[in-house]
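Participant: Got a structure here, written out as structure tokens. Questions coming.
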Amino acid sequence: MIAEAVALGAGAGGFSASDGGWIFAGALTLGNAADVLRASKALALPANGIVDVSGVVHADSAALAVMISLKRRASGEGRTLKITGLPASLRSLAIVYGVEDLLG
Numbered sequence: 003m004i005a006e007a008v009a010l011g012a013g014a015g016g017f018s019a020s021d022g023g024w025i026f027a028g029a030l031t032l033g034n035a036a037d038v039l040r041a042s043k044a045l046a047l048p049a050n051g052i053v054d055v056s057g058v059v060h061a062d063s064a065a066l067a068v069m070i071s072l073k074r075r076a077s078g079e080g081r082t083l084k085i086t087g088l089p090a091s092l093r094s095l096a097i098v099y100g101v102e103d104l105l106g
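Numbering-wise (the numbering used here), the sequence shown opens with residue 3 and increments by one.
Laid out in structure tokens, this is it:
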């Protein structure tokens, strides 16, 4: 059951909080990354520390920046955050940029 949701508009993507974790669905690109990050601040960090991004349908390097920023936020709050469901395209970008270990 979805407890909270933060949507960014048709097709733009957004987070929903379900079963103690976050789920992201939609696009996550330079065009909406700042809005996604801002919207995520409306949600408490996931209770189970998991952000599932398997619902990302289109992404670029800005998606990695958002995920790293979420991990930084969690660290600042004394929490850990694990990114799961990383699509192959994002995993490839993370490898190219040398940040794959930061997303685990």
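Glycine is no exception: its CB is placed at the ideal position from the N, C-alpha and C atoms.
#1: Can you tell which of Glu102, Leu95, Gly23 and Thr86 has its C-alpha closest to the C-alpha of Leu47?
#2: In three-state DSSP terms, what is Lys84?
#3: What do you get for Ser91, buried or exposed, if any count of 16 or more other CB atoms within 10 angstroms of its CB means buried?
#4: Is the beta carbon of Gly87 closer than 8 Å to that of Ser2?
#5: Opposite Leu30 in the DSSP bridges: which residues?
#6: If you draw a straight line from the C-alpha of Ile97 to the C-alpha of Leu104, how long is it?
#7: Compute the distance between the beta-carbons of Ser42 and Leu72, then report whether it is under 8 Å.
#8: Check for me: the alpha helix (DSSP H) holding Ala96 runs from which residue to which?
Facilitator: Quick look at the numbers:
#1: Taking the sequence shown and counting its residues from 1, one reaches residue 47 at position 45. Of the listed residues, the one whose Cα sits closest to Leu47 is Gly23.
#2: Start at 1 with the first residue of the sequence shown, and residue 84 comes out as number 82. Correct three-state label for Lys84: strand.
#3: Position 89 of the sequence shown, counting from 1, holds the residue named residue 91. Exposed, by the Cβ-count rule.
#4: This structure cannot speak to residue 2, because the chain is shown only from 3 to 106.
#5: Here residue 30 is taken as the residue at index 28 of the sequence shown, counted from 1. According to DSSP, Leu30 bridges with Ala61.
#6: Here residue 97 refers to the residue found at position 95 when the sequence shown is read from its first residue. Here residue 104 refers to the residue found at position 102 when the sequence shown is read from its first residue. Taking the straight line joining both Cα atoms gives about 10 Å.
#7: Taking the sequence shown and counting its residues from 1, one reaches residue 42 at position 40. Taking the sequence shown and counting its residues from 1, one reaches residue 72 at position 70. In this structure, Leu72 lies closer than 8 Å to Ser42 by Cβ.
#8: Taking the first residue of the sequence shown as position 1, residue 96 is located at position 94. It spans Ala90 to Tyr99 - the alpha helix (DSSP H) in which Ala96 sits, taken as one unbroken run.
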